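In full-length UniProt numbering, the protein residues as written are 1 to 158. Beta carbons are placed, not taken as given, at the ideal position from N, Cα and C, and that holds for glycine. The model shown is predicted, which means the values in this text are computed figures rather than measured ones. Data block below; observations after.
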Amino acid sequence: MPKAKTEIVPAGACHIPAIAEHVRAADRAELWAAARLTPAEGMARALERSTMAWTGLMADRPVCMFGVVPSSILGNVGRPWMVGTRHLDEHPFVFLRRCQGGVTTMRERFDRLENRVDARNERAIRWLAWLGFEIGPAPEKLGPFGLLFFRFGMGGVR
Numbered sequence: 001m002p003k004a005k006t007e008i009v010p011a012g013a014c015h016i017p018a019i020a021e022h023v024r025a026a027d028r029a030e031l032w033a034a035a036r037l038t039p040a041e042g043m044a045r046a047l048e049r050s051t052m053a054w055t056g057l058m059a060d061r062p063v064c065m066f067g068v069v070p071s072s073i074l075g076n077v078g079r080p081w082m083v084g085t086r087h088l089d090e091h092p093f094v095f096l097r098r099c100q101g102g103v104t105t106m107r108e109r110f111d112r113l114e115n116r117v118d119a120r121n122e123r124a125i126r127w128l129a130w131l132g133f134e135i136g137p138a139p140e141k142l143g144p145f146g147l148l149f150f151r152f153g154m155g156g157v158r
């Protein structure tokens, strides 16, 4: 089976419905647990606040959106984020490699990248570690339901 054409393009609000319709269960659960947001609400909020954001396309179909939101101007800290669809899992390594370039671009702008990841999302935790993020040693309660999330970060001082 030939590989589907993949590309990374600037993210736009027009990509949100297609991604939200097929969002991965783990991403849906994480957005709800962290802030009681639907995938469409979470992506719209993140896209609006991001200094840079991209959409991953596979065969011209949006399969993920990711970017970085400034968290602290004084400390030059950015919060990376990503929401993916079930279709992303069809060719995960293509996007794993391409996401490294996005992380490199984020690091050129921010001294430190940090955020939190749902402790239940083992796949995302492995992916973040593969990208070079340090995963915190113990999860902490977060969000309206007090579920466990790991801190993750790269660069700068914590």
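Worksheet entry | For arginine 123, the three-state DSSP class (helix, strand or coil) | Locating residue 123 in the sequence shown gives position 123, where the first residue counts as 1. Reduced to three states, the DSSP call for arginine 123 is helix.
Fill in: Nearest candidate by alpha-carbon position, reference leucine 147, set Gly75, Met52, Pro70 and Ala29
Reading the sequence shown from its first residue, position 147 is the one you call residue 147. Nearest of Gly75, Met52, Pro70 and Ala29 to leucine 147, Cα basis: Ala29.
Worksheet item: What is the DSSP secondary structure of arginine 79, counted as helix, strand or coil?
Response: As a first step, residue 79 must be located in the sequence shown, where it is residue number 79. It is a strand residue.
Worksheet item: Counting only runs that start and end within the stretch 84-157, where is the beta strand (DSSP E) found for 3 or more residues in a row?
Response: 112-118, 140-142 and 147-154
Discussion item. Measuring straight from C-alpha to C-alpha, what distance separates alanine 46 and valine 68?
Written reply: Translated into positions along the sequence shown, residue 46 becomes position 46. Translated into positions along the sequence shown, residue 68 becomes position 68. Taking the straight line joining both Cα atoms gives about 8 Å.
Worksheet item: Between the stretch 63-82 and the stretch 31-41, are three or more C-beta pairs nearer than 8 Å?
Response: no
Item to complete: Could you tell me the distance, in whole angstroms, from the CA atom of methionine 1 to the CA atom of serine 72?
Response: As a working note, residue 1 is residue 1 in the sequence shown. As a working note, residue 72 is residue 72 in the sequence shown. Here methionine 1 scores only 47 on pLDDT, less than 50, and its place in the model should not be relied on; the value that follows carries that caveat. Answer to the nearest angstrom: the Cα atoms are 46 Å apart.
Discussion item. Can you tell me whether proline 70 is helix, strand or coil according to DSSP?
Written reply: Mapped onto the sequence shown, residue 70 falls at position 70. Strand at proline 70.
Discussion item. Measuring only the C-alpha atoms, how far is tryptophan 130 from glutamate 90?
Written reply: Against the sequence shown, residue 130 aligns to sequence position 130. Against the sequence shown, residue 90 aligns to sequence position 90. So the alpha carbons of these two residues sit roughly 18 Å apart.
Worksheet item: CA-CA distance, isoleucine 8 and arginine 116?
Response: Working through the sequence shown from its first residue, we reach residue 8 at position 8. Working through the sequence shown from its first residue, we reach residue 116 at position 116. Isoleucine 8 and arginine 116: Cα-Cα distance of roughly 24 Å.
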